[in-house]
Amino acid sequence: MKVDQAIDDVLLAEEVLAARLMSLAEEHASEHDVLFMSRTLAQASIGRSESLRAAAASYGFTVEPHPSSTEVVGAAVGAARRGAPSTLTGSGGVDASLLVDLRQTYLAAQEAGIDWVILLQSAKASRDGALIDLSTRGHEEVERCGAWLRTHVKTAAPQLLVAG
Amino acid sequence: VILDEGAARADVPDRIANIWGARTPHATDEPWPVRVDQHLADGVPEDAVAWSPSACVLCSNGCGIDIGVRDGRIVGVRGRADDRVSRGRLGPKGLFGWQANGSPDRLTTPLVRRAGRLEAATWDEAMDLVVERTRRVLGEQGPLGMGFYGSGQLFLEDYYTLAVLVRAGIGTPHLDANTRLCTATSDAALKESFGADGDPGSLTDFDLCDTIFAVGHNIAETHTVLWARILDRLAGPDPPAIIAVDPRLTVVAGAADVHLSIRPGTNLTLLNAIQHELIEQDWIDHEFVAAHTVGFARLAETVAAYSPERASEVCGISAEAIRQAAALIGRSERLVSTCLQGVYQSHQATASACQVNNITLLRGMIGKPGCSVFQMNGQPTAQNTRETGADGDLTAMRNWQNPVHVAELARLWNVDAVQIPSWGPSTHVMQMVRYLEQGSIRFFWITGTNAAVSLPELHRIRSILARDDLFVVVTDPFLTETGALADVVLPAAIWGEKTGTFTNHDRTVHLSEKAVAPPGQARSDLEIFLDYARRLGLQDRDGAPLIKWSSPEECFDAFKEATRGRPCDYSGLSYGKLRGGSGIQWPCNDAHPDGTERLYADHHFHTDTEDTEDFGHDLLTGAAFERKEHAAAGAAGRAMLRAAEATPPHDPPSDEFPLTFTSGRTAYHFHTRTKTGRAAQLQAAAPEPWVEVSPADAAALGIAEGDVVRVRSARGQLQARARVSDIREGVVFAPFHYGYWDRGGADPSIDGDSDGDGGVPTAANELTLTDWDPVSKQPVVKLAAVEVTKVASGDGRPSPAPTTTASAPADGQPRLERTVSGSETRR
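As given, the protein sequences belong to chains A and B, one line each in that order. Here the working numbering is used: the first residue of the first sequence is 9, the next is one more, and so on. Here the working numbering is used: the first residue of the second sequence is 47, the next is one more, and so on.
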């Protein structure tokens, strides 16, 4: 049984997602909808991690503590900015770092989403009703987070890249 | 109009003191009696007046009105006895507000900013400048550098011309209107639940219902004639039960069987708990739910977590009161629910409004006499802004994500489909403001709205509109606070001075005829937009002028064609048919030549994927659903029960800001008083701003009636005299009507801690937060954490708040004189 590995992967992905959302809120506090919704979604992510940790403990799984994902993400955000295509950063006086950060957070949500799918599949094969419910809900919520980021990317991109 | 001889004449001398006029009680099985209200200027004999048919534009009820004209001037108004909306009645704003037309400070020529000052100019000078700047911005930045922000005050013909001009001509998605501040959530919630905009019910449902559920809707002050209609039921032999949700003891709440005085920001929790109880008690129309809705299982699962006890803690009311409300709703046989700004301008607006739709659906109370839900409008022509596509919507309730719908418009307008922005939703005003702030929109045309007072976080708005790199055009009948910041101000002809149509909140279309000439060189918005399009040389794909009409009637006929087969079908209407009538409800077409009283009588909703106006959104985040998700939901003509979990508001009370501020209206004023402040009787009834605090808070803060208090949030502050009223403890209220134009001109430069040097800040939006609903994008102007401090003693002078309305003094407070006509003399 490697279900504990699947749980561990979800936890790591959720912590990265939460940290990315918090960073999005801090970096783009002037985008008020990004600020408020990122915070709400980060709280939801932390809530999912807590539920999953509690569930894991009740199964007797030991979940490895993760390195502080805030630091991990801080470094990753910096790297992404440095390595971002030139169209997305700083050209023409318009700061497109919003688009870079939304895109990275979207990818983090995608990663968390697929990790929940893996956990859900193993829960189904284990015929574990409680874990099926938990991972179904977790997957839906992460998909919703990704959908919000996707919607935001779609509306932000034209003005940032075309209106110059 | 021939007056019904048997009709009750409301000869109550003072309609300031008696806002709702005389009672004409009736029973459920009797029609609402006629009562004709009239007001003529002093000394004008009735037989010297010529009457011109119209409808009232000082709220969204759209009461039929005749404009009285003598010697080329408006001298009064009277209600139209045969009008289906009002049966002759008018409210105080309708009776007196027309005087603004004749105000001596109307704008009569264009103004152009020269060396920092606005100076009179010719139309050619002003329009040449507007066109030159348009060309420059289009050349440097393209269409995304252009933004347009309109109104809920113009006529259908003005809006449709603007929509075609901007979407097919300029080709920018940056087109919105101040309906974003008032009824964007109404529109959004109707789309989410029923698949298309348009209130399903008829105002006659208020005559026929046995229960009224009013959520955040102070009907008595926002829609005075509708409240008169309800009062006539309450005075009749079989009055309806009323459940009112409001943190203030409004007149509606006072008349209610159950008043839920909830903590602001907790609507969704309350509404989830009511649904919890409806399901728990099995007050559900299972047959209706099974046949005509989707989403019940998810809804039941979501609301299961919202017991009345849990909601009681969050909302700050008793669980028993929630159960009583649910029981009245659950046992009703003919239920009418209604929402307004207490829902729309609050936290989780669309999610909450959808729960009221859910309650309607769970009870099967739709499409039948006496049964409906009203996602109400506020402004007289808000409905037309939405229908014509002059806000975030696409013309005639089309779906921007549906390429077939976009192609239909391209065919109608004879342009390439790619010209019409459809890669995303139309840009909402708060996002446009952000683009202005970042300098990526450089041309901004504001029509008929006072953004410098009505948008949230005013210090920010003022600084943005004053940016050097931004060219601002303002069209308005008066020099408002916003006009004072503009580069060009264009004088607008208004209601009574132009012909056009508009539609109220039960889809009743009225024709309003030009009764008098506009003052000076003022022009209708339609004329101004046509002139702009002509000067810009906007063309269709064949090189012909893009806009084919030159008169209001030709424009109306073009719009009719755009609506053919759509939910808001106007194809059976014409100016001829509307002339002299009592108003006709859309859809009006070959199948329904006399209009349609109720939508969804067949319980088939606009949720077919090909037909729907919108694929919907996730209610928590606002994430837009796409075609495949809409199709997968499988509604296919069934209504959608939409579930949402409640989250905490974004600006909660804290140690520094321990109270919750909420803003709202009084019966005597509209918007930022550009009209009502210029009608002597209305201005006298509520001449200055005030701040309402509860008796407990007043005692704790050492505040007495009339004391000058300062209300401060993290964004700004305002100052006014205190009224100790029956508002919920912990909540502070101020009306949002009071800007700066009538205190030292239109100078809006009051900012920060400016008290003591002439002006003090009074606008409610000095305090509000830049925050909006994720689905409807409606700003959250009813929730802000504040502190209140006493600045000076009132020395026994009471606050100027009306005593006839929700702002009346609380029980146990000193009794004050009743607000009557001319009562400003007591101050």
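By construction, the Cβ of each residue, glycine as well, lies at the ideal position given by its N, Cα and C atoms.
Short CB-CB distance (under 8 angstroms) between residue i and chain B
i	result
TRP156(A)	yes
GLN129(A)	no
THR113(A)	no
GLU39(A)	yes
VAL7(A)	Shown here, chain A extends from 9 to 172; a query on residue 7(A) therefore has no answer.
ARG152(A)	yes
Within 8 angstroms, strictly: CB atoms of residue i and residue j
i	j	result
ARG587(B)	VAL461(B)	yes
GLY776(B)	LEU829(B)	no
ILE412(B)	PRO246(B)	yes
ASP640(B)	SER418(B)	no
PRO79(B)	ARG116(B)	no
ARG767(B)	ASP753(B)	yes
ILE466(B)	ALA209(B)	no
ALA831(B)	PRO694(B)	no
ARG344(B)	LEU381(B)	no
THR655(B)	ALA685(B)	no
MET478(B)	GLY89(B)	no
ARG508(B)	ALA498(B)	yes
LEU572(B)	CYS601(B)	yes
SER628(B)	ASP128(B)	yes
LEU306(B)	ALA395(B)	no
ASN635(B)	SER617(B)	yes
GLY241(B)	THR653(B)	yes
7 angstroms CB neighbourhood of residue i in its chain, flanking five on each side removed
i	result
VAL285(B)	According to the sequence provided, residue 285(B) is Pro. The question's Val does not apply to it. Correct list, in chain order: ARG279.
TYR502(B)	The residue asked about is misnamed: residue 502(B) is Pro in this sequence, not Tyr. For PRO502(B), where only same-chain residues beyond five positions count, the Cβ hits under 7 angstroms are ASN811, THR814, LEU815, THR816, PRO825 and VAL827.
GLN567(B)	THR154, THR155, TRP169 and PRO537
ALA274(B)	TRP66, GLY67 and ARG135
ALA745(B)	none
THR315(B)	TYR352, ALA357, VAL360, CYS361 and ALA692
Contact set for residue i: own chain, Cβ-Cβ below 8 angstroms, skip 5 residues either direction
i	result
ARG69(B)	LEU277, ASP278 and ALA281
LEU407(B)	SER239, PHE334, VAL335, HIS338, THR339, ALA685 and LEU687
Residue i: CB within 7 angstroms of a non-hydrogen atom of the ligand ZN
i	result
LEU764(B)	This structure does not include the ligand ZN; it has no bound ligands of any sort.
Cβ-Cβ separation, residue j to residue i (assumed contact under 8 angstroms), whole Å
i	j	result
LEU455(B)	LEU211(B)	That belief does not hold up - the Cβ atoms of LEU455(B) and LEU211(B) are roughly 13 angstroms apart, past 8 angstroms.
MET194(A)	THR667(B)	Not covered by the structure: residue 194(A). The range shown for chain A is 9 to 172.
GLY125(B)	LEU136(B)	5 angstroms
ILE126(A)	ASP17(A)	7 angstroms
GLY196(B)	ALA223(B)	4 angstroms
Any chain A beta carbon closer than 8 angstroms to residue i
i	result
GLY683(B)	no
ASP664(B)	yes
TYR352(B)	no
THR835(B)	no
ALA669(B)	yes
SER759(B)	no
THR693(B)	yes
PRO820(B)	yes
SER364(B)	no
TRP787(B)	no
GLN187(B)	yes
PRO310(B)	no
ASN486(B)	The sequence shown places Ser at residue 486(B), not Asn. Interface residue, yes.
TYR481(B)	yes
ASP817(B)	yes
PRO471(B)	yes
Neighbourhood of residue i by C-beta, 6 angstroms cutoff - its chain only, sequence neighbours within 5 removed
i	result
ASP103(A)	none
ASP233(B)	ASP243 and ARG432
GLN370(B)	VAL304
Closer than 8 angstroms to chain D by CB, residue i
i	result
PRO699(B)	The structure shown contains no chain D; its protein chains are A and B.
Exercise for review: Only counting runs of 4 or more residues, tell me where the alpha helix (DSSP H) segments fall wholly within the segment 80-157 of chain B, in order along the chain.
Suggested key: Note on the segment 80-157 of chain B: whole alpha helix (DSSP H) runs with a minimum of 4 residues are 138-142, in chain order.
Practice item. Starting from the N-terminal side, write out each stretch of the beta strand (DSSP E) that is 3 residues or longer and does not extend beyond the segment 360-432 of chain B. Key: Counting only runs of 3 or more, we get 381-385 and 418-421.
Review point. Which parts of the segment 15-78 of chain A are runs of the alpha helix (DSSP H), unbroken and 4 residues or longer, counting only runs that do not cross its ends?
Key: As far as the segment 15-78 of chain A is concerned, its whole alpha helix (DSSP H) runs of at least 4 residues are 40-66.
**Study point:** Continuous alpha helix (DSSP H) assignments of at least 4 residues falling wholly in the segment 552-612 of chain B
**Key:** Within the segment 552-612 of chain B, the alpha helix (DSSP H) runs of at least 4 residues that lie entirely inside it are, in chain order, 571-582 and 598-609.
Practice item. Can you check the segment 704-754 of chain B for any alpha helix (DSSP H) of at least 4 residues that lies completely inside it and give the ranges in chain order? Key: Those alpha helix (DSSP H) runs which fall completely within the segment 704-754 of chain B and span 4+ residues are 726-731 and 741-747.
Point to revise | Unbroken stretches of the alpha helix (DSSP H), 4 residues or longer, contained in the segment 627-713 of chain B | key: If you keep only unbroken alpha helix (DSSP H) runs of at least 4 residues inside the segment 627-713 of chain B, you get 673-679.
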